[in-house]
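In the numbering used here, the protein residues as written are 2 to 66.
Just so you know, even glycine gets a beta-carbon here, dropped at the ideal spot from N, CA and C.
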Ligand SMILES: [Zn+2]
């Protein structure tokens with residue numbers, strides 16, 4: 002198991018607001034888009050439990066109808 006100690010800083014390829022690739026890292030910890038002049042940061046919330054169990058119960062979704 003490899004520990005992801007560098008998970009706090011993740012590379013963002015596209016701006017989530019204007020979808021441009023003109024992203025530059027900020028010194029304060031974040032990203033700056035030179036196209037729409039927006040500054041934002043990416044926060045790692047944790048691993049998603051959905052779709053991480055090997056797809057055992059992916060197709061048989063239980064509906065509440
Ligand atoms: Zn942008």
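Looking at 27, 41 and 29, the one whose alpha-carbon comes closest to that of residue 19 is 41. By the Cβ neighbour-count rule, residue 37 is exposed, with fewer than 16 other Cβ atoms within 10 Å of its own. Within the chosen limit of 7 Å, ligand 1 does not reach the beta carbon of residue 22 with any heavy atom. Distance between residue 23 and residue 13, taken at the CA atoms: about 10 Å.
Taking the C-beta atoms as reference points, residue 25 is found nearer than 8 Å to residue 35.
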